[in-house]
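Q: Once you know that position 106 of the sequence shown is 106 in my numbering, the rest is easy, because the numbers rise by one and skip nothing.
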Amino acid sequence: MLSLTLEPTNNCNRRCLHCFVNKADAPGFLPLGLAESILSQAKDLGFQQVHLTGGEVALYSHLAELIRLIVGYGLPFTVVTNGFRFPEVLLRPGGGPGVPAASAPGG
Ligand code: SF4
Numbered sequence: 001m002l003s004l005t006l007e008p009t010n011n012c013n014r015r016c017l018h019c020f021v022n023k024a025d026a027p028g029f030l031p032l033g034l035a036e037s038i039l040s041q042a043k044d045l046g047f048q049q050v051h052l053t054g055g056e057v058a059l060y061s062h063l064a065e066l067i068r069l070i071v072g073y074g075l076p077f078t079v080v081t082n083g084f085r086f087p088e089v090l091l092r093p094g095g096g097p098g099v100p101a102a103s104a105p106g107g
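#1: Any heavy atom of the ligand SF4 closer than 8 Å to the Cβ of Val89?
#2: So, do the stretch 36–49 and the stretch 67–80 have three or more beta carbon pairs nearer to each other than 8 Å?
#3: How about Arg15: is its Cβ closer than 8 Å to a heavy atom in the ligand SF4?
#4: Distance, Cα to Cα, Asn13 vs Asn82?
#5: Just to confirm, is the Cβ distance from Pro8 to Gly74 under 9 Å?
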């Protein structure tokens, strides 16, 4: 099964010693338009699922829109999160993406 892994941001709200993300790098965020282009191409190429990772995905300000795009392409997806913003972002009543998330403690 072809899987697309997207890193919407390298930014994170933790500083785990084992982390492979280079904390010296400036925080970066995937432009939503670029994400849409990548998803469109991935769908055309036969990709069948999407994995969102980072950085901390819940710090990406366009997360809800990104998930709507993924759902719109009919692609199942997973989210790797440290969970520290889970209640306020991922489970936000009425405004959150309503993610059936897979959580990985410590990233
Ligand atoms: S939570 Fe994950 S991304 Fe953030 S510092 Fe820890 S391992 Fe790295």
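All C-beta atoms, glycine included, are put in the ideal place defined by N, C-alpha and C.
A: Put simply:
#1: no
#2: yes
#3: yes
#4: 9 Å
#5: no
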